[in-house]
Structure formats: C-alpha cells, structure tokens
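Using this note's numbering, read the sequence shown as starting at 3 and increasing by one per residue.
Yeah, the Cβ is synthetic: ideal placement off N, Cα and C, and Gly gets one too.
The structure presented is a predicted model; accordingly, all values stated were derived computationally and were not measured.
The block underneath contains the structure these notes are about, expressed in structure tokens.
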Amino acid sequence: MSEQVYIDGAWRKPASGETIPVVCPSDGKVFAHIARGGAKDIDAAVQAARRAFEGPWGKTTALERGRLMMKVGEKITQHAEELAQIEARDTGKPLKQARADMVAAARYFEFYGAAADKVHGDVVPFLAGYTVLVKHEPRGVTGHIIPWNYPAQMFGRTLAPTLACGNTAVLKPAEEACLAALRITELAHEVGFPAGVINVVPGYGEEAGAALANHPGIDFIAFTGSPGVGVLIQKASAEHLRPCVLELGGKSPQIVFEDANLEAVLPVVTNAIVQNAGQTCSAGSRVLVQRSIYDRFIGMLVERFAKLRVGSHDMDLECGPLISAGQRDRVQGFVRAAKAEGIPILAEAKLAPGLPAGGYYAPPMLFGPVPSTNQLAREEVFGPVLSAIPFDDEADAIRIANGTPYGLAAGIWSIDGSRALRVANAMRCGQVFVNGYGAGGGIELPFGGIKKSGHGREKGLEALREFSVIKTIVINHG
Ligand code: NAI
Ligand code: MG
3 MSEQVYIDGA
13 WRKPASGETI
23 PVVCPSDGKV
33 FAHIARGGAK
43 DIDAAVQAAR
53 RAFEGPWGKT
63 TALERGRLMM
73 KVGEKITQHA
83 EELAQIEARD
93 TGKPLKQARA
103 DMVAAARYFE
113 FYGAAADKVH
123 GDVVPFLAGY
133 TVLVKHEPRG
143 VTGHIIPWNY
153 PAQMFGRTLA
163 PTLACGNTAV
173 LKPAEEACLA
183 ALRITELAHE
193 VGFPAGVINV
203 VPGYGEEAGA
213 ALANHPGIDF
223 IAFTGSPGVG
233 VLIQKASAEH
243 LRPCVLELGG
253 KSPQIVFEDA
263 NLEAVLPVVT
273 NAIVQNAGQT
283 CSAGSRVLVQ
293 RSIYDRFIGM
303 LVERFAKLRV
313 GSHDMDLECG
323 PLISAGQRDR
333 VQGFVRAAKA
343 EGIPILAEAK
353 LAPGLPAGGY
363 YAPPMLFGPV
373 PSTNQLAREE
383 VFGPVLSAIP
393 FDDEADAIRI
403 ANGTPYGLAA
413 GIWSIDGSRA
423 LRVANAMRCG
433 QVFVNGYGAG
443 GGIELPFGGI
453 KKSGHGREKG
463 LEALREFSVI
473 KTIVINHG
C-alpha cells in the first residue's frame, strides 16, 4: 500500500508510476518507498472528494460521521505499538515520543468524533414576523498539506475536525515521512468511510503540494510548514479567493522569573527544546532568565544538557536524529554562524557511542547570552538549539519575548499569579502556558499563531469554526 496513492476509496499507482525513497534518519538508509503523486493524482482526488461531498457524505448525519471517526480513534489505539514503530523509524524520533504521538493521534479522532453532533447554530432575534437561523455548514472539499515532524498527529489534527464538520478532504503528507499517516489511512478505510471522503496523495511539495494548493476545485486549505511555503499557499488561495489556515512555526520563549520554582522549570524547559530534536513548531527555543537568577539557572541547565543522550529511534534516549541531511545542515549553519559571531556555547550534549555512521545526528546545544537581535534569537532553527537571554524586569521580559517575527506560543514561570497573568496578557502569540509547557498533547486547546507564525486556529472546538462556514437563513413567516 505504501507505494500507492489513496483516491476514491481505493489504493492505486500514481500517474507518474514512480516512487520516492523513504530514509530512516537514524542510519540514513532507504527502507521503504512511497508514491510520487502529482498533478493528475491530485486532480482525481479532488474530483473524488467533490463527488463524495455532493453524494453520500453530504447525506450522513453528524452522529454517523462522529461514530466513524470514533472508530478510527479506536483503531489507532489498537494498532498504537505498530504505528509507533513505523513512526519512530520513519522520523527518527525516540520510540517513547512516537508512542505519545499515537495517543494524541487517536485523541484527535475521539475529540472531534464526539464533537461532530455538537456543532450548534444560533437563532437571532430580528424583525417582528421573522425567524433567523445561523447554521454552521461544511466548506466543501478541503485541502491539507502537512509536515514530517509529527506525521500521525498532524494527520489527525487536520483531518478529524474537517470530517466532523462534514467536509471531504484531500491530504498531501510530507515526502520526508508519512508512513504512519498512510497506515492510519488504511485503518480509516477499514472502518468504512464512503469512497472519496478521505483522499491521500503523497508526493513532493513542488509537485503534488503545489498542484493541491493551486487546484480550483478545493474550497479551503490547511497548511503546516515553513513560512516560505506558507506564502505560496496564501498566494494560491488569493488567486482563487478562498481562505486558508497557516501554521508556520515560531521562536517561542520560556520566561523564567526570579521567584520561579527552578527545580520544576528545569525538566520542562529542557524537554521543550529537546523533544522531537527541536523539530516542533512550538519548541521553546529561547529561555529568558531574570538576571538575578541567570547564573544559577544557567548552571542547572548546563548540568542537565550535559546528561542528555542522543541516539537512534530504537535506542529510545532523550533525543533522536534530525529528519534529513538537509535539516542537519540547516541547523549546523545556525550553529556555525553563532560560533563565528562569538556567542558562547554553554553546553553541548554527547552522542551515544556506536551510532550508525549515516544518521543525521545533531547534539542539543545551549548558547548564551544570545543578543536578542541575533538570528539565533530571532529565527526558527528547528533543531535542539536553545538560546539563553537574560532580562532585568517584567517590561524587559515582555519586550524581548515579543521581539521576534513569530508569535506562536510562550511559557511563563513565576509563583506570583498577578505577574504571570499580566505577562500572559502582554504576550503577542496564540498560546501561553503558565508554570508548565507543551502544546503537543492538548487536543482541546485552540492553537495557532500571529505574525509570521501564521493565522487561523486548529485544535479545540475552534477548529470546527475554521472548517465550517456560516449560513444565515432569514424567514419571513408573518
Ligand atoms: P516545507 O514547508 O517545505 O514542507 C512542509 C510541507 O509543505 C510538506 O508536505 C511539503 O511537501 C510541502 N511543500 C513544500 N513545498 C511546497 C509547495 N511549493 N507547494 C505546496 N506544498 C509544498 O518545510 P521543510 O522544507 O520540510 O522544512 C523547512 C523548515 O520549515 C524547517 O526547518 C522548519 O523551520 C520549518 N517547518 C516548520 C514546521 C512546523 O511544524 N511549523 C514543519 C516543517 C517545517
Ligand atoms: Mg521545503
């Protein structure tokens, strides 16, 4: 199955007849192939999705849709270990991370499956003799382009809410990693979705991705990935005058005030940058530390970083390899530039002995103090590189925290509740955690960015608004 595209309820060879090799980041070796889908396959998928929308899927009740989705959640849970093994090998992430990802992937289908029949509208008071109904209707055919960092989770995050709303979908997963998403597609097929409701066309971004983004037959597109491609998606959406939701990563700060419980902060701040080898849109890639505790807390972080171990996915240590040689080169580019500018390296984790030579390993690193104007403090590295930045007071912390082109997430650490709330309110971003951090599991929590982090909201009940459209029905009954 993995070398085919899934269109109109069946697996078939892509029109190109070609495949794309799938590399395991732990050893750099090809271990599978996926289909090289392209414009023809995307076109067939969009047509199938349109037929399903206008046909059987449009006639299903919200309850029926929800039940099917709950079954996908169950299937993912039943196959969680198999899926986690696939995901770990495909992305290089440690097995425990892949296992956590499958819990989240299942949760997306459960959460939105249970929500499908609770998308209620309104009745609006109007003139005498009128009744006005406000309904949430599906948009139609939605397009989805997802990245390689959390293939299974992203599949659930983007597809579950759109299906709950009654749309049909065409999804283009990432060429670097999508085997678990393809396996979940098979599981969704088994639970009995009508043909054409879910279509999955793997392929290169410039081919299948661009064809989907530019296709006149879709009504909406959801994209997660780089800002550069986000611009292309938005331009293509503009050409067709249709909306999009873009989630483009960030440079999220962790703000540690002098009264914080540092023992509690330490593991969370460390994990926020090491999880998934830093390849997480909401990675906590800057740690802002109040000057009065800067040396003490940095000392604790240095000790912690020194103990981190980097290994292959099946060694299941704290940190795995990066997704590709290209991504490793990109991260090393940031590291070289920072070194050249004389930014001190405070800590560098060790690679476990005996790692396969061909893997894309990059050790977690802590730099500091990083000038808040430096690219290391402003640009998304998408690797396990943490920038430490001292600050003087609350106003200084807010200024630095908001001083990047991004605005996705932030963490605030303080036992002064009033201060934490003041700073949370001042954050120019889409999600703020107080005395905790971690966007990952929070299916219930609306998520998305402002500024270059993108726009629109996924997750939580907000996603149901994104994937539906309001219709107002005005009835003059006298
Ligand atoms: P990317 O934005 O190129 O890839 C994301 C998805 O977009 C993939 O499915 C890809 O095939 C597709 N795509 C690529 N070019 C396209 C095009 N012209 N038209 C339509 N779809 C297209 O990201 P890439 O190259 O994998 O990573 C580069 C950087 O992007 C990373 O270093 C990271 O900073 C950022 N990124 C952020 C993510 C996030 O979760 N916010 C996820 C992946 C990457
Ligand atoms: Mg790219």
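Contact between Pro-153 and Glu-89 holds, with the beta-carbon distance rounding to 7 Å and staying under 8 Å. In the same chain as Pro-371, and ignoring 5 residues on each side of it, the C-beta atoms closer than 7 Å to its own belong to Ala-390, Ile-391 and Pro-392, in chain order. Here Gly-456 is near Gly-232, since their CB atoms are less than 8 Å apart. Annotated three-state conformation of His-315 is helix, per DSSP.
Taking a cut-off of 8 Å on C-beta distances, the segment 48-55 does not touch the segment 156-167, as fewer than three cross pairs fall below it. Of all C-beta pairs linking the segment 62-74 to the segment 106-125, three or more are shorter than 8 Å, placing the two stretches in contact. DSSP places Ser-389 within a strand segment (E or B) once states are collapsed to three. For His-138, the secondary structure class from DSSP, reduced to helix, strand or coil, is strand.
Proximity of the segment 357-376 to the segment 330-342 meets the contact definition, three or more beta-carbon pairs being nearer than 8 Å. Bounds of the alpha helix (DSSP H) holding Arg-101 are 97-117. Set against 7 Å, the gap from the CB of Lys-174 to the closest heavy atom of ligand 1 is smaller. For His-122 and Gly-194, the gap between their C-alpha atoms comes out near 26 Å. Annotated three-state conformation of Ile-9 is strand, per DSSP. Arg-288 is bridged by DSSP to Pro-255 and Ser-389.
In the DSSP assignment, Trp-59 falls within the alpha helix (DSSP H) that extends over 58-61. Excluding the 5 residues flanking it on each side, Met-72 has same chain C-beta neighbours closer than 8 Å at Phe-111, Glu-112, Gly-115 and Ala-116, in chain order. Within the segment 182-214, the complete beta strand (DSSP E) segments of 3 residues or longer fall at 200-202, listed in chain order. With a beta-carbon spacing of about 16 Å, Thr-144 and Ala-183 fall beyond the 8 Å limit used to define contacts. Secondary structure of Thr-160 (DSSP, three-state): helix.
With fewer than 16 other beta carbons inside 10 angstroms of its own, Leu-129 counts as exposed.
Between the alpha carbons of Ala-403 and Pro-27 lies a gap of roughly 33 Å.
The beta carbon of Gly-207 sits closer than 7 Å to at least one heavy atom of ligand 1.
Unbroken beta strand (DSSP E) stretches of 3 residues or longer found wholly inside the segment 396-475: 411-415 and 433-436, given in chain order. Around Asp-318, the same chain offers Pro-96, Leu-97 and Lys-98 as residues with beta carbons nearer than 7 Å, after the five sequence neighbours per side are excluded. Bridge partners of Tyr-132 according to DSSP: Asn-478.
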